[in-house]
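> Let me begin by handing over the structure; questions about it come next.
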Amino acid sequence: MQAETKGFRGQIKGFTKSSSISAEIAGYEKRIQELILNINQITEVGANSRAKKIEATLHAVQAMISSNPLAVQVPLNTNNCPTATRIFEGREKILVKMKEFFESNTPQQHIYVLHGPGGAGKTQIALKFIQDSIHFTNTFFVDASTIETINIGFKNIARLQNAGNSFDNALEWLMTRREQWLLFFDNADDPRLNLNKFLPQCTHGNIIITTQNPELQVYGASSQVFDMEEDEAVALLLKSAAQEPSLTTKKDAIGIVKTLWHVPLAIVQAGAFIAKSGTLDGYLALYSQNREQLIKEQSTQSYSDYEWPIYTTCQMSFDRLSASATMFLQLCSFLHQEGISEDIFSRAADYKFSSLGPSREELEQPLKFLSQFRGPSGEWDTLAFLEITNEIMMYSLATFTPEQRTFSIHPLVQQWSQRNILGDPEPIYCIMHSILGMSIQGIPKQHLELASLKLLPHLDAVMQFPGYKAPNFASNYGILYASANRHQEARVLKISAIERQKTLERDDDLDILSLMHSLAATYKDLGQGQEAQELEVVVVEKQRAILGENHPRTLTAMYNLAAIYKQLGQIKRAEELEVTIMEKRRAILGEDHPQTLTAMHNLAATYKQLGQANKAEELEVLLVEKRRDILGSDHPDTLLAMHNLATTYLNLGRFEDAERVQTEVTKKFRTIQGDNF
Numbered sequence: 013m014q015a016e017t018k019g020f021r022g023q024i025k026g027f028t029k030s031s032s033i034s035a036e037i038a039g040y041e042k043r044i045q046e047l048i049l050n051i052n053q054i055t056e057v058g059a060n061s062r063a064k065k066i067e068a069t070l071h072a073v074q075a076m077i078s079s080n081p082l083a084v085q086v087p088l089n090t091n092n093c094p095t096a097t098r099i100f101e102g103r104e105k106i107l108v109k110m111k112e113f114f115e116s117n118t119p120q121q122h123i124y125v126l127h128g129p130g131g132a133g134k135t136q137i138a139l140k141f142i143q144d145s146i147h148f149t150n151t152f153f154v155d156a157s158t159i160e161t162i163n164i165g166f167k168n169i170a171r172l173q174n175a176g177n178s179f180d181n182a183l184e185w186l187m188t189r190r191e192q193w194l195l196f197f198d199n200a201d202d203p204r205l206n207l208n209k210f211l212p213q214c215t216h217g218n219i220i221i222t223t224q225n226p227e228l229q230v231y232g233a234s235s236q237v238f239d240m241e242e243d244e245a246v247a248l249l250l251k252s253a254a255q256e257p258s259l260t261t262k263k264d265a266i267g268i269v270k271t272l273w274h275v276p277l278a279i280v281q282a283g284a285f286i287a288k289s290g291t292l293d294g295y296l297a298l299y300s301q302n303r304e305q306l307i308k309e310q311s312t313q314s315y316s317d318y319e320w321p322i323y324t325t326c327q328m329s330f331d332r333l334s335a336s337a338t339m340f341l342q343l344c345s346f347l348h349q350e351g352i353s354e355d356i357f358s359r360a361a362d363y364k365f366s367s368l369g370p371s372r373e374e375l376e377q378p379l380k381f382l383s384q385f386r387g388p389s390g391e392w393d394t395l396a397f398l399e400i401t402n403e404i405m406m407y408s409l410a411t412f413t414p415e416q417r418t419f420s421i422h423p424l425v426q427q428w429s430q431r432n433i434l435g436d437p438e439p440i441y442c443i444m445h446s447i448l449g450m451s452i453q454g455i456p457k458q459h460l461e462l463a464s465l466k467l468l469p470h471l472d473a474v475m476q477f478p479g480y481k482a483p484n485f486a487s488n489y490g491i492l493y494a495s496a497n498r499h500q501e502a503r504v505l506k507i508s509a510i511e512r513q514k515t516l517e518r519d520d521d522l523d524i525l526s527l528m529h530s531l532a533a534t535y536k537d538l539g540q541g542q543e544a545q546e547l548e549v550v551v552v553e554k555q556r557a558i559l560g561e562n563h564p565r566t567l568t569a570m571y572n573l574a575a576i577y578k579q580l581g582q583i584k585r586a587e588e589l590e591v592t593i594m595e596k597r598r599a600i601l602g603e604d605h606p607q608t609l610t611a612m613h614n615l616a617a618t619y620k621q622l623g624q625a626n627k628a629e630e631l632e633v634l635l636v637e638k639r640r641d642i643l644g645s646d647h648p649d650t651l652l653a654m655h656n657l658a659t660t661y662l663n664l665g666r667f668e669d670a671e672r673v674q675t676e677v678t679k680k681f682r683t684i685q686g687d688n689f
């Protein structure tokens with residue numbers, strides 16, 4: 013008996029380690045828990061000791077999965093940090109200090125804080141250090157400007173390492189991975205942010221933090237980043253201005269960098285302006301003229317001596333931009349500063365009007381702006397888009413990260429862009445708000461979860477202006493928040509979308525039913541099953557009346573209502589619906605259709621919950637046969653169906669049948685993957 017149980021343990025262990033179907037068996041741990049519950053029930057009614065031993069085996073398997081999730085190939089030497097600017101200059105003292113700190117052999121976690129005002133070059137110093145170092149096994153960039161961007165950064169780490177897709181997955185990976193990984197928290201400026209809860213609590217790993225908050229020095233070693241040394245500032249100006257160093261150019265450069273207070277961001281912008289205009293020797297006169305004008309226009313603003321050079325150089329560059337480039341920069345000032353992509357605008361340009369969204373009249377201005385990026389046949393014109401973005405980058409008002417194919421704009425430049433809008437900024441904001449909403453609609457449903465990681469910081473940014481009356485994209489925004497598991501925000505927006513649609517005074521409108529269906533899903537995700545049930549019952553009844561019981565939308569609503577019943581513990585009501593769904597799918601689509609087979613799978617699981625293992629067995633035997641005939645005996649769905657059948661045999665106390673089926677599953681894995689699982 014002991015050998016028999018040991019063999020079964022080995023087969024299940026082999027099953028859980030397969031890397032080829034990790035996505036298909038993501039819910040394996042949950043099924044093990046359900047199986048343990050079922051075996052407990054068997055034991056309670058007097059099952060023999062063999063069931064108890066298998067129960068113990070399953071507990072051991074569950075512990076194994078919890079400590080070491082499904083084995084997959086982990087990519088080596090991951091680095092998702094942007095590269096430092098090609099014109100980086102100086103900062104040798106800080107770089108040497110960082111190198112000595114991180115390469116020390118002290119057995120502890122190493123944390124280094126770069127603190128100083130905006131525009132001082134903290135991020136570039138960190139990126140230059142990371143770029144030149146060979147000390148780290150994996151480096152991860154985390155935008156630390158908000159709690160949400162930190163969460164997104166950690167989710168990206170989990171995905172990069174195939175460790176899951178949540179913050180906790182990433183944190184666990186970092187804490188259990190005893191190697192020289194590096195976390196780079198950039199722009200941790202918000203004094204309300206408790207960064208400590210995002211730091212892996214372990215004695216290994218490395219962390220760099222850039223911040224305007226000097227209080228973060230308490231986390232580790234630190235350097236204050238302020239103005240540059242004069243020789244460094246001169247070298248940076250000449251390099252960014254594409255000027256050869258000489259006695260004459262250095263003399264002119266010294267005067268310029270002194271006037272700019274040796275502020276790196278202002279120096280780079282001045283250099284870009286000089287490179288474009290060729291006015292090194294005449295730059296100071298232009299600068300003084302613009303600064304005086306700026307002081308007059310911004311007399312009500314209180315800027316520090318450090319900020320004036322940055323804003324003056326911004327203004328000089330702004331004045332040289334074309335109208336289209338100026339508009340683009342001002343639009344982007346309402347987005348998050350990182351991760352601005354061409355995709356946002358290209359998807360919006362392909363927007364398809366819907367009764368759930370704004371009218372053509374409401375979107376006249378965003379469509380007009382996007383029209384300049386469309387070719388003669390209406391296709392997206394990447395060259396036209398790059399022409400504008402390149403113009404902005406020529407003046408160092410934005411930077412491009414080729415690895416991610418995204419743009420970033422320094423927060424100080426964004427602030428200036430918004431303040432520099434002539435007249436009321438609301439119309440500009442409304443255009444960007446609309447473009448983002450139009451863009452979200454163009455994302456295929458299967459890509460929403462991944463897209464939400466890229467777009468959520470931008471959505472959060474545009475939602476910071478609640479007083480502006482922008483076109484209503486509540487439905488699209490709600491869907492994106494739901495995809496990111498931010499269900500409270502999704503709930504508010506989905507309710508808003510329903511209220512808007514109800515102004516049409518058509519209670520049986522299919523669009524309203526679609527929105528109610530979506531809101532019901534959000535209530536379910538929030539654990540508010542009763543609210544979800546009330547909505548979904550209405551959706552099922554009305555769609556049944558309007559479309560008929562055989563319509564795909566009606567059947568989908570019935571399927572979701574069954575899931576809600578299960579959440580509420582109303583398993584019998586769920587069974588009644590699922591029987592109907594399976595019969596309808598079979599009659600309309602045929603017994604071999606994927607949706608029919610999915611319906612069979614769901615109903616079999618419900619029978620198990622009801623303790624009707626014999627009925628579950630009948631369906632699962634048929635399901636295994638269908639999967640094998642249609643997909644082949646080696647397909648992941650076939651193997652998963654076989655595994656489910658094995659668990660049903662266990663529920664029935666048919667241990668030989670369970671072991672026979674599970675042995676076949678394990679052999680298939682060995683054939684496909686070899687013995688390395």
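Sequential numbering from 13 applies to the sequence shown in our numbering. Where is the CB? At the ideal position from N, CA and C, for every residue including glycine.
#1: What's the C-alpha gap between V677 and D604?
#2: Once DSSP output is grouped into helix, strand and coil, what is the label at D521?
#3: Please go through the same chain and pick out, in chain order, the residues whose beta-carbon is closer than 6 angstroms to the beta-carbon of P226, but skip the five residues on each side of it.
#4: Answer with buried or exposed for G133, where buried requires no fewer than 16 other C-beta atoms within 10 angstroms of its C-beta.
#5: Using alpha carbons as the reference points, say which of Y480, A410, A575 lies closest to M444.
#6: Near A544, what residues of its chain come up, given a Cβ to Cβ distance below 6 angstroms and the 5 sequence neighbours on each side ignored?
#7: What are the boundary residues of the alpha helix (DSSP H) that Q426 is part of?
#8: By Cβ distance, which residues of its chain are closer than 8 angstroms to T215, with the 5 residues on each side in sequence left out?
#9: Tell me whether the stretch 407-414 and the stretch 477-496 touch, counting them as touching only if at least three CB pairs, one residue from each stretch, are closer than 8 angstroms.
#10: Where are the beta strand (DSSP E) runs, 3 residues long or more, that stay fully inside the stretch 150-197, in chain order?
#11: Hey, S353 and T260: beta-carbon distance below 8 angstroms or not?
#12: Looking only at its own chain, which residues have a Cβ that is under 6 angstroms from the Cβ of I452, when we skip the five neighbours before and after it?
#13: Since H122 is in the alpha helix (DSSP H), which residue starts that stretch and which ends it?
#14: The beta strand (DSSP E) with F412 in it runs from where to where?
#15: Return yes when the Cβ of A625 is within less than 8 angstroms of the Cβ of L664, no when it is not.
#16: Going by the DSSP bridge assignment, what does T222 pair with across the sheet?
#17: What would DSSP say about S78, mapped onto helix, strand or coil?
#18: Here's the rule: buried if 16 or more other CB atoms are within 10 angstroms of the residue's CB, otherwise exposed. What is K578?
#19: Given a cut-off of 8 angstroms on the beta-carbon distance, is the pair T11 and Y231 in contact?
#20: Check each candidate in K638, T222, L186, V125 and name the one with the smallest Cα separation from Q213.
#21: So within the stretch 206-262, which uninterrupted beta strand (DSSP E) runs reach at least 3 residues, ignoring any that extend past its ends?
#22: Kindly list the residues whose CB is nearer than 6 angstroms to the CB of I99, restricted to its own chain and excluding five residues on each side of it in sequence; keep chain order.
#23: Roughly how many angstroms lie between the CA atoms of G130 and P423, to the nearest whole one?
#24: Give the DSSP-derived three-state secondary structure of W320 in the structure shown.
#25: Residues in its own chain within less than 8 angstroms of G602 by CB, not counting five upstream and five downstream?
#26: DSSP state of S345, grouped into three classes?
#27: So L194 and T151 are in contact, right, with Cβ under 8 angstroms, and what is the actual spacing, rounded?
#28: With C-beta atoms as the reference, is R359 less than 8 angstroms away from G454?
#29: What did DSSP end up calling I352 once you bin it into helix, strand or coil?
#30: Residues in its own chain within less than 6 angstroms of T222 by CB, not counting five upstream and five downstream?
#31: Could you check whether A233 and Y124 sit closer than 8 angstroms to each other, using their CB atoms as the reference points?
#32: Would you say the stretch 325-341 touches the stretch 288-303, given that touching needs at least three Cβ pairs under 8 angstroms?
#33: Determine the DSSP secondary structure at K638, reduced to helix, strand or coil.
#34: What's the call for R503, buried or exposed, on a 16-neighbour Cβ count within 10 Å?
#35: With a Cβ-Cβ cutoff of 8 angstroms, do L538 and I510 count as a contact?
#36: Just to confirm, is the Cβ distance from F179 to N163 under 8 angstroms?
Inspection of the coordinates gives the following:
#1: 22 angstroms
#2: coil
#3: H127
#4: buried
#5: Y480
#6: A532, Y535, K536, I576
#7: 423-431
#8: P119, Q120, Q121
#9: no
#10: 150-155
#11: no
#12: N488, L492
#13: Element bounds for H122: not the alpha helix (DSSP H) but the beta strand (DSSP E), 122-127.
#14: 411-413
#15: yes
#16: L126
#17: Its pLDDT being 38, under 50, S78 is placed unreliably by the model, and nothing is read from it.
#18: buried
#19: Any property of residue 11 remains undetermined from this structure, which presents the chain solely from 13 to 689.
#20: L186
#21: 218-223, 233-236
#22: K251, S252
#23: 8 angstroms
#24: helix
#25: T608
#26: coil
#27: 4 angstroms
#28: yes
#29: strand
#30: L126, K134, T135, A138, D198
#31: yes
#32: yes
#33: helix
#34: buried
#35: no
#36: yes
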